[in-house]
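Novice: Let me begin by handing over the structure; questions about it come next.
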Amino acid sequence: MSKKEHDIEKEQVEAVENETVEVEEQVEEKTVEEKLQDELKQEKDKFLRLFAEFENYKKRTSKERIDLFKTASQDVMVSLLPVLDDFDRAYVEISKTEEKELLKGVELISNKLKTTLQQKGLEVIEAAQGDAFNADNHEAITQIPAPSEDLKGKIIDVIEKGYKLGDKVIRFPKVVIGQ
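Take the working numbering: the last position of the sequence shown gets the number 185, and nothing is skipped along the way.
And the structure:
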């Protein structure tokens with residue numbers, strides 16, 4: 007091999023080495039860039055998940071707060087239910103007498119109390135004689151033999167009215183059912 011050939015070969019080897027170094031540098035740059043891109047994607051994903059979790063937390067606490075406001079007066083309402091029952095009993099007994107003015111007075115007070123409580127969200131759960139008994143919606147006090155075949159498994163008498171506050175039942179209607 008002549009010196010000239012040796013120099014050419016040496017130049018070719020150097021060129022290949024230079025290209026290899028340049029390619030390695032580009033690969034390193036890409037990997038660093040790719041690493042940064044991956045880290046950025048991971049941080050974006052973490053951020054989006056954290057943001058979504060925070061939004062869910064806000065919605066949940068807001069819903070809980072609204073529910074709390076709806077049922078905040080539940081204790082007061084429950085303690086007033088016996089008063090409503092007493093008004094109903096008084097109305098029935100006074101209506102049997104000749105005292106029409108007394109009946110009017112009790113009716114006015116009772117209606118005013120019921121209206122005020124209805125404005126605060128109290129609702130009567132309807133249960134009437136002859137309705138089908140549903141254990142999810144009624145509380146059975148006792149069972150008696152049905153006076154007729156069509157009243158078997160149905161409500162014979164309503165002992166106490168049921169009430170709900172908003173969507174929450176605070177007292178189930180107490181009923182007697184036919185057997």
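Even glycine gets a Cβ: it sits at the ideal position worked out from N, Cα and C.
When DSSP labels each residue in this structure, what does GLU104 get in the three-state scheme?
Specialist: GLU104 falls in the coil class under three-state DSSP.
Novice: For ALA141, name the three-state secondary structure that DSSP assigns.
Specialist: Coil at ALA141, not helix or strand.
Novice: Counting along the chain, where does the beta strand (DSSP E) carrying GLY168 start and finish?
Specialist: Its beta strand (DSSP E) spans residues 168–171.
Novice: Can you check which of these residues, THR148, ASP92, ASN143, is closest to VAL175 by C-alpha distance?
Specialist: Nearest option by C-alpha distance: ASN143.
Novice: Between the alpha carbons of GLN135 and ARG71, how many angstroms are there, rounded?
Specialist: Cα to Cα, the separation comes out at about 38 Å.
Novice: For the putative contact between ILE183 and ILE161, defined by C-beta atoms under 8 Å, what is the C-beta separation to the nearest angstrom?
Specialist: Their Cβ separation, rounded to whole angstroms, is 6 Å, which keeps ILE183 and ILE161 in contact under 8 Å.
Novice: With distances taken Cα to Cα, identify the nearest neighbour of GLN125 among GLY159, SER79, GLY168.
Specialist: Ranking the options by Cα distance to GLN125, first place goes to SER79.
Novice: Give the DSSP-derived three-state secondary structure of GLU127 in the structure shown.
Specialist: The sequence given here has Gly at residue 127, not Glu. The answer is coil: DSSP assigns GLY127 none of H, G, I, E or B.
Novice: Alpha carbon to alpha carbon, how far is GLU20 from ILE14? Give it in angstroms, no decimals.
Specialist: Whole-angstrom Cα-Cα distance: 10 Å.
Novice: Count the other C-beta atoms from every protein chain shown that fall within 10 angstroms of the C-beta of LEU74, then say buried if there are 16 or more, exposed otherwise.
Specialist: Exposed, by the Cβ-count rule.
Novice: When the Cβ atoms of the region 145–163 are set against those of the region 103–114, are three or more pairs found closer than 8 Å?
Specialist: Output reads no: the region 103–114 does not touch the region 145–163.
Novice: Would you report the Cα separation of ILE86 and ALA58, rounded to the nearest angstrom?
Specialist: What sits at residue 86 in the sequence shown is Leu, not Ile. One C-alpha to the other measures close to 43 Å.
Novice: Per DSSP, what are the beta-bridge partners of ILE150 in this structure?
Specialist: According to DSSP, ILE150 bridges with GLY184.
Novice: Which value, in whole angstroms, describes the spacing of the CA atoms of GLU99 and LYS118?
Specialist: The alpha-carbon atoms of GLU99 and LYS118 are separated by roughly 19 Å.
Novice: What residue from ALA133, VAL89, LYS52 has the CA that sits closest to ASP163's CA?
Specialist: Ranking ALA133, VAL89, LYS52 by Cα distance to ASP163 puts ALA133 first.
Novice: At which residues does the beta strand (DSSP E) containing LYS174 begin and terminate?
Specialist: Its beta strand (DSSP E) spans residues 174–177.
Novice: Compute the Euclidean distance between the alpha carbons of ASP91 and LYS120, then round it to the nearest angstrom.
Specialist: Distance between the alpha carbons of ASP91 and LYS120: 11 Å.
Novice: Nearest CA to the CA of LYS170: which residue from VAL38, PHE93, ILE131?
Specialist: Closest by alpha carbon: ILE131.
Novice: Report, in whole angstroms, the separation of the C-beta atoms of ALA146 and VAL181, which I expect to be a contact under 8 Å.
Specialist: Correct: roughly 6 Å between the Cβ atoms.
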